[in-house]
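Accompanying notes for the structure given below.
In our numbering, the protein residues as written are -19 to 322.
Written out as structure tokens, the structure reads:
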């Protein structure tokens, strides 16, 4: 049937605007209930930051329903809050666990949504859902074919602590997942042997482009060409420009006499990202607040195939979270510079 289910009805788009959250869920989604930038560390430093672990099941459904940015035919696009896991153990409150209620809330009746594509727990941004199994299967094949052809379909926006040496380029690294001191970590392997490849090592590739710089930080557009856990965070750490709020892989970075370098993964003990005093002042954060800094990695754009082969691709966009925009303002990365990310 191909894209018959995806023959989108261009009318019938449901905007998240106008949907209302329960008062309790809304307060938890926007602690401090203020969209103004924090002028002092005592004010809310991360406006609009959802804390899914503090939400009830119904409140999470309300948050996700309000975060729907597009609904056409069987496809529903949600701007996922940072910190919400897509899947988990039985009994965990996750995106997948509340899809039956979300489907009902969106009027899909017996057509239950399934996840087609979604960023990881610590990332925010586009989640693509489908109530049509044939459409979901077709899109999965499209994403797989695009990866094999090295055509990017996803664009992330990231703010990094540090500025890459070049304004654009390609990052390649062989990565593997290791269990170190009770924690699963992604570590680079170089150069990988044939035995490494057979033992779970994967060659990974990402494109990057610097959109804007300021205060020793950068707004970067990232396009992964492969899929591996924490790929983008590890790739930016290897560039000595870790993503703000990356409290895992940035911990490997050290600075001596102004020069940055990476420690071996097994020797890394610090669980939090360490920012210098000048950057803390720019962000209006205390060290304790910086330890709670959310990951500034947002799946901003997805490209889908058109309903017919000759049709132009469909572009889906998700606005930046308020705390991400606040950081851009604090760093002087103005929105007029964000033609690719806003």
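The beta carbon of each residue, even a glycine, is placed where N, CA and C say it ideally should be.
Residue 118 and residue 201 have their C-alpha atoms roughly 27 angstroms apart.
DSSP places residue 288 outside any alpha helix (DSSP H), giving it a letter other than H or E. At least 9 angstroms separates the beta-carbon of residue 144 from that of residue 110. Rounded to whole angstroms, the gap between the alpha carbons of residue 120 and residue 261 is 44 angstroms. Given a length threshold of 3 residues, each whole run of the beta strand (DSSP E) inside the segment 29 to 76 is given here in chain order: 48 to 52 and 55 to 60. In the displayed model, residue 95 falls within a strand according to three-state DSSP. Taken atom to atom, the span from the alpha-carbon of residue 33 to that of residue 73 is near 8 angstroms. By the Cβ neighbour-count rule, residue 104 is buried, with 16 or more other Cβ atoms within 10 Å of its own. Remark: C-beta atoms of residue 43 and residue 65 do not approach each other more closely than 9 angstroms. The Cβ atoms of residue 102 and residue 274 sit closer than 9 angstroms to each other.
Its chain contains 185 as the residues whose beta carbon lies nearer than 6 angstroms to that of residue 152, once the 5 sequence neighbours on both sides are disregarded; these appear in chain order. Counting only runs of 3+ residues, the beta strand (DSSP E) found wholly inside the segment 156 to 240 occupies 163 to 168, 182 to 194, 197 to 204 and 233 to 236, in chain order. Nearest in C-alpha terms to residue 255, of all of 199, 296, 195 and 300, is 195.
Residue 141 sits in a strand when the DSSP states are folded into three classes. Taken through DSSP and simplified to helix, strand or coil, residue 272 comes out as coil. Contact check between the segment 283 to 294 and the segment 216 to 235: fewer than three CB pairs, one atom from each, fall below 8 angstroms, which does not count as touching. DSSP lists 60 and 279 as the beta-bridge partner residues of residue 105. Looking at the DSSP output, residue 300 bridges to nothing.
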